[in-house]
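2 protein chains.
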Amino acid sequence: MDAHKQLTIGLFGFGTVGEGLYKVLQQTPSLNATIKKICIKNPEKKRDAPANLFTTERNELLFDPEINVIVEVINETEPAFQIVSTALKNKKAVVSASKKMIAEHLPEMLELQQQTGEPFLYEASCCASIPVLRNLEEYYDNDLLHSIQAIVNGSTNFILTKMFEEKLDFHEALLLAQQLGFAESDPALDIEGHDAVNKWAIMLAHAYGIIEHPQKLVFNGIENVNLGDAAVAKEKNHDIKLVAQAKKLANGKVAAFVLPQFVKQENHLAFVRNEYNGVVIESGFADKQFFYGKGAGSFPTASAVLSDISALRYQYKYEYKKLYHHVPNKLTSDFFVKAYVSFDDWKFIPREKFEWIEEWHAGEARKYLVGGLHFSELQENSWWKENNTSLILLPDAIIEDIEIRKLKKKSLELAGVV
Amino acid sequence: MDAHKQLTIGLFGFGTVGEGLYKVLQQTPSLNATIKKICIKNPEKKRDAPANLFTTERNELLFDPEINVIVEVINETEPAFQIVSTALKNKKAVVSASKKMIAEHLPEMLELQQQTGEPFLYEASCCASIPVLRNLEEYYDNDLLHSIQAIVNGSTNFILTKMFEEKLDFHEALLLAQQLGFAESDPALDIEGHDAVNKWAIMLAHAYGIIEHPQKLVFNGIENVNLGDAAVAKEKNHDIKLVAQAKKLANGKVAAFVLPQFVKQENHLAFVRNEYNGVVIESGFADKQFFYGKGAGSFPTASAVLSDISALRYQYKYEYKKLYHHVPNKLTSDFFVKAYVSFDDWKFIPREKFEWIEEWHAGEARKYLVGGLHFSELQENSWWKENNTSLILLPDAIIEDIEIRKLKKKSLELAGVV
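Quick look at the structure:
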């Protein structure tokens with residue numbers, strides 16, 4: 000595609016994002032991009048665009064030789080995969096916002112890009128208006144990226160903010176998020192952490208060249224976080240956030256997961272309130288950087304799609320530098336995490352799994368402890384997210400040094416605790 | 000230049016940034032970019048790189064047909080201009096970090112880019128590690144960019160932070176900044192606001208298509224901000240920051256300037272402490288975004304230069320969209336600003352120039368007032384930065400509605416004040 004060539008778009012999906020994009024494109028004539036056809040599922044719905052733009056026939060877009068860009072912003076994973084694959088094979092550039100599809104089909108998508116040489120861009124899939132993928136791809140060489148911590152799901156962050164600032168309980172806050180349109184249609188996607196871990200799988204590919212199925216990553220949402228946890232956090236002058244993080248350990252391997260975490264006031268992520276997203280990147284040369292913006296919503300997402308469309312004009316492609324131009328980083332679960340765990344009954348807590356326990360508190364209704372766990376425990380078992388148990392990492396949760404384990408255990412033995 | 004073609008670099012300057020770049024490039028072999036020759040001024044200085052890389056002869060780089068990229072990170076404006084101009088005319092891509100040169104020669108640089116078709120990139124000139132120029136260029140269509148507020152000078156921000164947090168006076172804080180290497184060799188460039196307004200002139204071109212000589216913009220530094228002002232700010236629970244800002248007014252014109260300002264705690268800029276920079280962008284679609292990172296220093300600047308070099312591989316050029324693809328925005332001085340002014344003696348203050356005065360305070364040594372001024376007063380006269388007078392804007396300082404002027408004046412007349 001030549002620079003400044005007319006972009007003729009076939010758009011799949013006319014929900015909030017698709018309609019947002021349609022409106023945004025009308026207001027940015029400088030892009031020299033027009034939507035030729037829009038493929039939708041239900042032709043009966045009333046839509047705020049000329050009727051002759053719409054079709055229900057996929058192939059009218061996918062096999063139209065005039066259409067050189069397919070933009071896919073539908074909600075269903077498998078149809079999205081079919082559309083994107085066919086479009087790439089038909090030598091069309093593709094822009095997508097389907098995070099679940101991309102995260103789950105990343106290996107196939109990589110292969111398709113290599114086979115066809117066509118650009119496949121999906122900035123809108125992660126953190127919407129924050130240009131995080133492009134920045135991870137362009138600005139950080141993998142040897143230099145020490146860590147990333149991010150709030151990538153706006154609805155859970157909104158809920159946590161309301162629990163903290165307005166003392167709403169989880170269900171009241173969720174209801175409010177739904178009323179305001181911040182929650183996915185199926186709230187489980189947000190509150191169980193699926194949406195966040197899908198984004199995280201995509202970001203790990205661009206940050207570290209790590210390709211891992213999202214469901215194989217350790218993650219949780221916030222559904223077990225309760226007002227008691229919030230009160231404990233307040234006491235310590237911390238917030239609770241659902242934090243996606245990755246850190247390069249001393250042995251060169253990468254620790255990565257999505258878990259609720261106590262966040263200190265001076266942490267940049269404490270700054271991220273309500274439905275916003277934020278990304279903190281620590282790197283060797285650029286030091287600490289922080290990107291902040293709206294992570295969801297019609298126009299923020301559409302503006303990210305637009306930036307991808309704009310990038311197509313100068314033949315931009317992801318190079319997946321960390322994957323193809325380096326020895327990609329490897330995930331590890333050989334480290335420890337320091338966590339707060341609150342629970343209803345001791346019987347749900349396998350105390351022997353803790354490397355050490357340094358604090359415990361037995362209230363009438365709710366109990367909690369603070370201790371250290373080997374990360375593989377979180378990977379292999381799920382007691383920590385069952386039976387209303389709430390596991391929240393402490394700040395600086397990742398502990399690499401195995402000596403700590405022995406020391407702590409010893410000190411507890413000496414104290415007669417274990 | 001083909002995508003992935005070998006980049007052969009001629010580097011001008013081997014100060015902190017040049018040497019940083021040399022080291023960064025050695026650690027990023029994936030870039031496929033090598034420095035063939037480095038032009039320096041003083042051949043006697045000991046340098047941490049092979050002697051055969053260095054030359055004092057400009058034309059060895061500028062006329063070497065093998066060199067396809069000139070990177071210019073020297074400190075002097077006119078030589079930088081000569082080097083960059085010659086390189087572009089010789090069909091070489093150019094990366095520069097010389098903010099003063101770029102700001103002052105923007106019209107010529109635009110013409111040269113149009114004549115030669117060569118890319119001229121200068122991400123490192125503004126906010127170093129924050130990719131602000133590329134984001135302004137790519138992500139915001141001009142109709143949609145409501146406002147930008149930014150802290151673009153790290154040394155003044157460091158000084159203000161120390162005045163606030165450690166109660167150092169201005170000169171102690173400046174000395175500390177110099178000891179830590181955060182201040183320009185000539186501190187006047189920082190503290191009088193020249194460095195900030197140079198960056199602002201560059202950013203206005205990419206944000207709004209406004210091309211204005213930096214010395215024609217209204218600006219000030221922080222040299223008259225004193226501990227008394229800091230105490231007043233503290234009382235109001237505000238910080239004082241040197242804020243570069245631009246705002247699209249209701250009439251479509253743009254208000255733009257660089258002035259000290261009281262900043263509320265909830266403003267994202269309050270988050271920017273010490274030598275860091277931050278940019279808050281409000282736009283129609285992406286809502287409010289915040290970029291934060293190191294704004295100066297060897298490696299942060301080098302990493303920005305590196306990102307430009309990387310972008311050259313896929314033929315990236317600034318399009319100056321807001322300038323060439325739209326009717327560019329126009330600057331206006333037809334609005335009001337609300338300001339706090341502290342001073343030694345009433346005789347330095349032309350009270351009649353104030354549209355209204357809503358607060359005044361006469362201490363023994365130092366006096367202050369809060370009132371409204373037409374912006375043209377700041378443009379046409381300089382009493383507000385002379386005689387140790389300190390003008391600091393209030394939060395939300397820009398007032399568009401002329402009715403306010405009349406109302407305020409009337410209320411003061413009624414009260415018998417004027």
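Quick mapping for you: the protein sequence lines, in order, are chains A and B. Using numbering that gives the first Met the number 0, you'd call the opening residue of the first sequence number 0 and step up by one each time. Using numbering that gives the first Met the number 0, you'd call the opening residue of the second sequence number 0 and step up by one each time. All residues carry an ideal CB built from backbone N, CA and C; glycine is no exception.
{"query": "With distance defined between alpha-carbon atoms, name the residue in A/R133, A/I69 and A/L87 nearest to A/K321.", "result": "A/R133"}
{"query": "Give me, in chain order, the residues of the same chain whose beta-carbon lies closer than 6 Å to that of B/A79; leave out the 5 immediate sequence neighbours on both sides.", "result": "E71, I73, S97 and M100"}
{"query": "Give the residues of chain B in contact with A/Y315, contact being defined as C-beta atoms less than 9 Å apart.", "result": "Y313 and Y315"}
{"query": "Quick check on A/Q25: does DSSP put it in helix, strand or coil?", "result": "helix"}
{"query": "In whole angstroms, what is the alpha-carbon distance linking B/A182 and B/R312?", "result": "34 Å"}
{"query": "With 8 Å as the C-beta to C-beta threshold (strictly closer), list the residues of the segment 13-28 of chain B near chain A in chain order.", "result": "G19, V23, Q26 and T27"}
{"query": "Within 10 angstroms of its Cβ, does B/G362 collect 16 or more other Cβ (buried), or is it exposed?", "result": "exposed"}
{"query": "How far does the alpha helix (DSSP H) with A/T115 in it extend, from its first residue to its last?", "result": "L105 to T115"}
{"query": "Excluding the five sequence neighbours on either side, which residues of its own chain have a C-beta within less than 8 Å of the C-beta of A/V68, listed in chain order?", "result": "L6, T7, I8, G9, A32, K91, A92, V93, V94, I308 and L311"}
{"query": "Alpha carbons only, please: which of B/I158, B/A269 and B/S306 is nearest the one belonging to B/F289?", "result": "B/A269"}
{"query": "What number of angstroms, rounded off, separates the C-alpha of A/K263 from the C-alpha of B/Q244?", "result": "30 Å"}
{"query": "Between A/V417 and chain B, is the shortest Cβ-Cβ distance under 8 Å, so that the two count as touching?", "result": "Note on A/V417: pLDDT 48, under 50, position unreliable in the model; the coordinate value appears next. So, not an interface residue."}
{"query": "With a threshold of 8 Å on Cβ separation, who are the neighbours of A/A2 within its own chain once the five nearest residues in sequence on each side are excluded?", "result": "Residue confidence for A/A2 is low, a pLDDT of 47 falling below 50, so the modelled location carries little weight and cannot support an answer."}
{"query": "Can you give me the start and stop residues for the alpha helix (DSSP H) that B/P299 sits inside?", "result": "S297 to L311"}
{"query": "In its own chain, which residues sit with a C-beta less than 6 Å from the C-beta of A/V271, not counting the 5 before and 5 after it?", "result": "I150 and G277"}
{"query": "Do A/F11 and A/I66 come within 8 Å of each other at the CB atom, strictly closer than that value?", "result": "no"}
{"query": "For B/E162, which residues in the same chain have their Cβ closer than 6 Å to its Cβ, ignoring the five residues on either side in sequence?", "result": "One detail in the question is off: residue 162 of chain B reads as Met in this sequence, not Glu. If we look at B/M162 and ignore the five residues flanking it on each side, its Cβ neighbours are A172 and A229."}
{"query": "Extract the residue ranges of the beta strand (DSSP E) inside the segment 29-111 of chain A, only unbroken runs of 3 or more that lie entirely within it.", "result": "32-38, 68-71 and 92-95"}
{"query": "Between A/A232 and A/I221, how many whole angstroms is the CB-CB distance? I'm expecting something under 8 Å.", "result": "Wrong, their Cβ atoms sit about 12 Å apart, outside the cutoff."}
{"query": "Between A/A295, A/F218 and A/L226, which has its C-alpha nearest A/P259's C-alpha?", "result": "A/F218"}
{"query": "Identify every run of the beta strand (DSSP E) within the segment 310-373 of chain A, keeping only runs that are complete inside it and at least 3 residues long; order them along the chain.", "result": "335-342, 353-361 and 366-373"}
{"query": "Return the residue from the list A/N250, A/D344, A/L226 and A/E265 that minimises the CA-CA distance to A/H237.", "result": "A/E265"}
{"query": "Since A/I209 is in the alpha helix (DSSP H), which residue starts that stretch and which ends it?", "result": "It is not in any alpha helix (DSSP H) - A/I209 carries neither H nor E in the DSSP assignment."}
{"query": "Indicate whether the contact test is met: 3 or more Cβ pairs, each with one atom in the segment 114-128 of chain A and one in the segment 185-194 of chain A, closer than 8 Å.", "result": "no"}
{"query": "Determine which residues share a DSSP beta bridge with B/E420 and list them.", "result": "Residue coverage of chain B in this structure runs from 0 to 417, which leaves residue 420 of chain B outside it and unanswerable."}
{"query": "Quick check: the Cα distance between A/Y420 and A/T160, rounded to an integer number of angstroms?", "result": "Residue numbering for chain A in the displayed model covers 0 to 417; residue 420 of chain A lies beyond these limits and cannot be assessed."}
{"query": "In the DSSP assignment, what residue or residues form a beta bridge with B/H237?", "result": "B/K263"}
{"query": "Can you look up B/G17 in the DSSP assignment and give me helix, strand or coil?", "result": "helix"}
{"query": "Assuming B/I209 and B/L135 make a contact with CB atoms under 8 Å, what is their CB distance in whole Å?", "result": "The Cβ separation is near 12 Å, so there is no contact."}
{"query": "Would A/L248 and A/F374 be called neighbours here (beta carbons separated by less than 8 Å)?", "result": "no"}
{"query": "Can you tell me where the alpha helix (DSSP H) holding B/G153 begins and where it ends?", "result": "G153 to E164"}
{"query": "Along chain B, in chain order, which residues have C-beta atoms closer than 9 Å to that of A/Q177?", "result": "Chain B residues near A/Q177: none, gap ~20 Å exceeds 9 Å."}
{"query": "By alpha-carbon positions, which one of A/K384, A/Y275, A/Y291 and A/T76 ends up nearest to A/N156?", "result": "A/Y275"}
{"query": "What is the DSSP secondary structure of A/L10, counted as helix, strand or coil?", "result": "strand"}
{"query": "Which residues in chain A sit within 9 Å of B/D168, going by Cβ to Cβ distance?", "result": "Result: empty, since nearest Cβ-Cβ is about 26 Å, beyond 9 Å."}
{"query": "Please state whether DSSP places B/S381 in a helix, a strand or coil.", "result": "coil"}
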